[in-house]
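Per our numbering, the very first residue in the sequence shown carries number 2; after that it's consecutive.
Glycine is no exception: its CB is placed at the ideal position from the N, C-alpha and C atoms.
Source: prediction; values computed, not measured.
Have a look at the structure below, then the notes.
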Amino acid sequence: MKTAICYYSTHHGNTLKVAKAMTQGYDTDFIDLSTQQEASLEGYDLIGFASGIYAFAFHPSVIAFARKCLPQGKPVFFVYTYGGAKGTGTREIARLAREKNARVLGEFGCRGYNTFGPFRLVGGSGKGRPTQEDLQRARSFFQELMAKL
Ligand SMILES: Cc1cc2nc3c(=O)[nH]c(=O)nc-3n(C[C@H](O)[C@H](O)[C@H](O)COP(=O)(O)O)c2cc1C
């Protein structure tokens, strides 16, 4: 059972931290979409798309990558972190997954440390997030998801 997590996590690495914690102990490859816009996903049994929330949505690179590289009919899941207003969240990536006849197994989201724009002036929001408790919830989410496969 091999998992790929395709992620965009450039602000503080919050989303990558969550994705790494949840898949600890499982055979997982991480594909950084801030440096790589193409990859073959055919050989994976499970595919995660992970992103910080930027301007109320998943980063456009994740959507573009999924459009180009997600094969038909794969099981998928979504992971995100956000400062306080997740906006449309997973809506676009979920729509795209449906177009590819993917089986959507679930999504996990939690707050992440945010120093964007005015938040920087006040030392950021969501300090310390994701917490150990967030990471533990992420692990439980992934274990339950694996049980569905
Ligand atoms: C350019 C930019 C835009 C952001 N827009 C939002 C937003 O619309 N809503 C929100 O809740 N957080 C927003 N944030 C905060 C991030 O979602 C939050 O810090 C997240 O944990 C970043 O994930 P990362 O460290 O994995 O990149 C934004 C951050 C940046 C840098």
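inquiry  = Quick check: is any heavy atom of ligand 1 less than 6 Å from the C-beta of Ile54?
reply    = Yes.
query = When DSSP labels each residue in this structure, what does Thr24 get in the three-state scheme?
reply = coil
message = Tell me the DSSP secondary structure of Thr11 in three-state form.
response = DSSP, reduced to helix, strand and coil, places Thr11 outside both helices and strands of the structure shown, so it counts as coil.
query = Would you say Ile94 and Phe79 are within 7 Å of each other, going by their C-beta atoms?
reply = yes
task = Report the residue ranges of all alpha helix (DSSP H) runs contained in full by the segment 81–136; include only those spanning at least 4 residues, in chain order.
result = Listed in chain order, they are 92–100.
inquiry  = Cutting at 6 Å between CB atoms, please list the residues of its own chain near Glu108, excluding the five before and the five after it.
reply    = Result list for Glu108: Phe79 and Thr91, in chain order.
request  = Take Ala22 and list the residues in its own chain whose beta-carbon comes closer than 7 Å to its own, dropping the five residues that flank it on each side.
outcome  = Cβ neighbours of Ala22 beyond the five flanking positions: Leu136, Ala139 and Arg140.
ask   = Is the segment 21–36 close to the segment 112–123, with three or more CB pairs under 8 Å?
value = no
Among Lys3, Ile48, Leu122 and Gly53, nearest to Gly74 - alpha-carbon criterion = Ile48
inquiry  = At a threshold of 6 Å, does Ala86 count as lining ligand 1 (C-beta to nearest heavy atom)?
reply    = yes
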